[in-house]
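Encoded as structure tokens, the structure appears first; notes follow it.
In my numbering, the protein residues as written are 130 to 269.
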């Protein structure tokens, strides 16, 4: 536990507990510093305050879980996000894919890749509908 992480903990107690950007900064600081356990602890505390994670929160947490030792922690995040109805955007999907690949979890890497490619067509068509002035049925 370094001096910088101790400073983050000190800052935590003086921040507005409802401001997600502060939580994201602290979680990202721990995650990118290699302290997955501490990042998960702050994420847990954030959830107890009924704050919902955003893409930045999730990406930081998943980036902290890129070793076989921390893979289990990362794998616990995905079911939670599904349970709360989190919208998996391309950034989160790519980060999940990267987490599984970096941990040499080939089964889940290919499973995630299959889910992403099966959703690619629906993403493409919904994107086209947003850009088009035509009704949805006229795009195909």
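We put the CB at the ideal spot given by N, CA and C, even for glycine.
Note that the structure is a prediction, hence the values are computed from the model and not measured.
Report the three-state DSSP secondary structure of residue 216 (helix, strand or coil). coil
Label residue 239 either buried or exposed according to how many other C-beta atoms from any shown protein chain fall within 10 Å of its C-beta, with 16 as the threshold for buried. exposed
I'd like to know whether the C-beta atoms of residue 202 and residue 230 end up nearer to each other than 8 Å. no
Can you give me the C-alpha to C-alpha distance between residue 200 and residue 227, rounded to a whole angstrom? If you draw a straight line from the Cα of residue 200 to the Cα of residue 227, it comes to about 11 Å.
Buried or exposed: which applies to residue 197, given that a residue is buried once 16 or more other Cβ atoms fall within 10 Å of its Cβ? exposed
Taking just the CA atoms, how far does residue 237 sit from residue 194? 14 Å
Using a Cβ-Cβ cut-off of 7 Å (strictly less than) and excluding sequence neighbours within five positions of residue 149, which residues of its own chain qualify? 180, 183
Simplified DSSP state of residue 203, which is helix, strand or coil: helix
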